[in-house]
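Taking UniProt numbering, the leading residue of the sequence shown gets 1, the next gets one more, and so forth. Right, one structure below, let's go through it.
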Amino acid sequence: MIDLHTHHERCAHATGSLRDYVTAALDKGVKVLGLSDHTPMFAEEADHALPPVAMPKSEFPSYIAEALALKEEFARSIEILVSTEADFFRGRMDPYSRELAGYPLDYVIGSVHMFEGRDIFDTTRWETVEDSEAELAAVKGRYFRAVAECARSGLFQVMGHVDALKGNHPKLGTVPAPAAADEMLRAIRDAGAVMEVNTSGNTKAHGGWYPEHDLLERAHHFGVPLTFASDAHVPERVCDQYPEVVRVLHDIGFRTWTVFRRGTPRTVPLA
Ligand SMILES: [Zn+2]
Ligand SMILES: [Zn+2]
Numbered sequence: 001m002i003d004l005h006t007h008h009e010r011c012a013h014a015t016g017s018l019r020d021y022v023t024a025a026l027d028k029g030v031k032v033l034g035l036s037d038h039t040p041m042f043a044e045e046a047d048h049a050l051p052p053v054a055m056p057k058s059e060f061p062s063y064i065a066e067a068l069a070l071k072e073e074f075a076r077s078i079e080i081l082v083s084t085e086a087d088f089f090r091g092r093m094d095p096y097s098r099e100l101a102g103y104p105l106d107y108v109i110g111s112v113h114m115f116e117g118r119d120i121f122d123t124t125r126w127e128t129v130e131d132s133e134a135e136l137a138a139v140k141g142r143y144f145r146a147v148a149e150c151a152r153s154g155l156f157q158v159m160g161h162v163d164a165l166k167g168n169h170p171k172l173g174t175v176p177a178p179a180a181a182d183e184m185l186r187a188i189r190d191a192g193a194v195m196e197v198n199t200s201g202n203t204k205a206h207g208g209w210y211p212e213h214d215l216l217e218r219a220h221h222f223g224v225p226l227t228f229a230s231d232a233h234v235p236e237r238v239c240d241q242y243p244e245v246v247r248v249l250h251d252i253g254f255r256t257w258t259v260f261r262r263g264t265p266r267t268v269p270l271a
């Protein structure tokens with residue numbers, strides 16, 4: 001079992017220490033665990049720009065140091081990968097590249113949380129969007145194109161929850177936006193990145209996984225590699241629904257996961 005996407009208490013909206021997530025992973029027999037808490041808001045002036053979203057900038061060195069110490073301490077029983085989940089802000093990523101270059105990260109997850117000026121999970125954003133299939137497909141297409149841009153930035157190895165826009169607006173789950181979806185998938189593949197299969201949908205209104213089944217089939221068609229992501233914000237969710245995901249991916253035709261060690265992709269059997 002692998003899980004490349006977990007959080008912990010430093011971001012202030014997850015619970016449990018890094019050690020708690022490692023312990024939960026050990027209990028479940030996880031072989032590769034990625035610690036990937038939200039990246040500080042490096043493009044902002046303030047040390048702690050968005051208290052409930054991400055840790056202060058000044059906290060990041062101790063986060064990495066603690067993660068590296070755990071990696072060492074548990075090296076015989078589990079492979080711990082050290083990472084962070086960064087927000088993608090068009091045109092504002094230079095401070096991120098500069099800061100992150102100073103750490104021995106295994107990979108960086110790139111996620112589009114802010115889209116067209118608002119948080120994707122902010123339910124009030126849908127009050128002003130027309131509830132027609134055409135309008136929703138257009139919004140979804142624009143989100144996929146934002147994720148494609150995130151992939152093309154070349155800053156990330158893992159693309160986080162690529163259709164999470166549907167999280168708090170379930171109607172977006174089934175609205176088709178095939179052209180933009182395919183453009184996004186090719187962008188991820190061509191960037192040498194991988195797509196998450198993220199099981200945290202059940203913590204939002206939509207339920208299910210990111211991405212939806214249709215995107216997984218398209219990803220297989222285009223040869224987009226995958227990795228597993230619980231996106232756990234509580235230790236008990238580490239590897240949540242892992243066996244179900246493996247079964248579905250196997251049926252589609254996938255046979256491997258991809259993990260990253262110091263930026264280098266390695267495939268491991270999908271099992
Ligand atoms: Zn979070
Ligand atoms: Zn996220």
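Just so it is clear, CB atoms sit at the ideal spot from N, CA and C, and this is done for glycine as well. Here the structure is a predicted model, which is why all the values come from computation and not from measurement.
Counterpart residues of residue i in DSSP-defined beta bridges
i: asparagine 198; result: Tyr210 and Ala229
i: histidine 38; result: Glu85
i: proline 51; result: In DSSP, proline 51 forms no bridge with anything.
i: methionine 114; result: Asp119
i: proline 269; result: Thr256
i: threonine 264; result: Arg261
i: valine 32; result: Ile2 and Glu79
Extent of the continuous beta strand (DSSP E) to which residue i belongs
i: glutamate 244; result: No beta strand (DSSP E) holds glutamate 244; the alpha helix (DSSP H) holding it covers 242-252.
i: phenylalanine 121; result: Note, phenylalanine 121: premise wrong, no beta strand (DSSP E); not H, not E.
i: tyrosine 141; result: In the sequence under discussion, the amino acid at residue 141 is glycine, which differs from the tyrosine named in the question. Unbroken run through glycine 141 is the alpha helix (DSSP H), 133-152; no beta strand (DSSP E).
i: arginine 186; result: Careful: arginine 186 lies outside any beta strand (DSSP E), inside the alpha helix (DSSP H) at 178-190.
i: threonine 6; result: Counting along the chain, threonine 6 falls outside any beta strand (DSSP E), and DSSP gives it neither H nor E.
i: proline 170; result: That residue, proline 170, is in no beta strand (DSSP E); it is neither H nor E in DSSP.
i: tyrosine 107; result: 107-111
i: phenylalanine 156; result: Counting along the chain, phenylalanine 156 falls outside any beta strand (DSSP E), and DSSP gives it neither H nor E.
N- and C-terminal bounds of the alpha helix (DSSP H) containing residue i
i: isoleucine 78; result: Element bounds for isoleucine 78: n/a, residue is neither H nor E.
i: tyrosine 96; result: 94-100
i: threonine 23; result: 18-28
Nearest-angstrom beta carbon gap, residue j and residue i [assumed within contact, 8 Å]
i: threonine 258; j: proline 225; result: 4 Å
i: residue 305; j: phenylalanine 121; result: Summary: the structure shown does not reach residue 305, with the chain confined to residues 1 through 271, and so no result is reported for it.
i: serine 111; j: glutamate 85; result: 6 Å
i: valine 175; j: lysine 140; result: 6 Å
i: valine 22; j: leucine 33; result: 7 Å
i: cysteine 11; j: histidine 38; result: 4 Å
i: lysine 28; j: valine 245; result: 14 Å between Cβ atoms; not a contact.
Flag this pair as touching only if the region 137-147 and the region 64-82 have three or more C-beta atom pairs under 8 Å; answer yes or no.
no
At least three beta-carbon pairs within less than 8 Å, the region 73-82 to the region 95-109
yes
Contact between the region 88-107 and the region 181-188 (3+ Cβ pairs under 8 Å):
no
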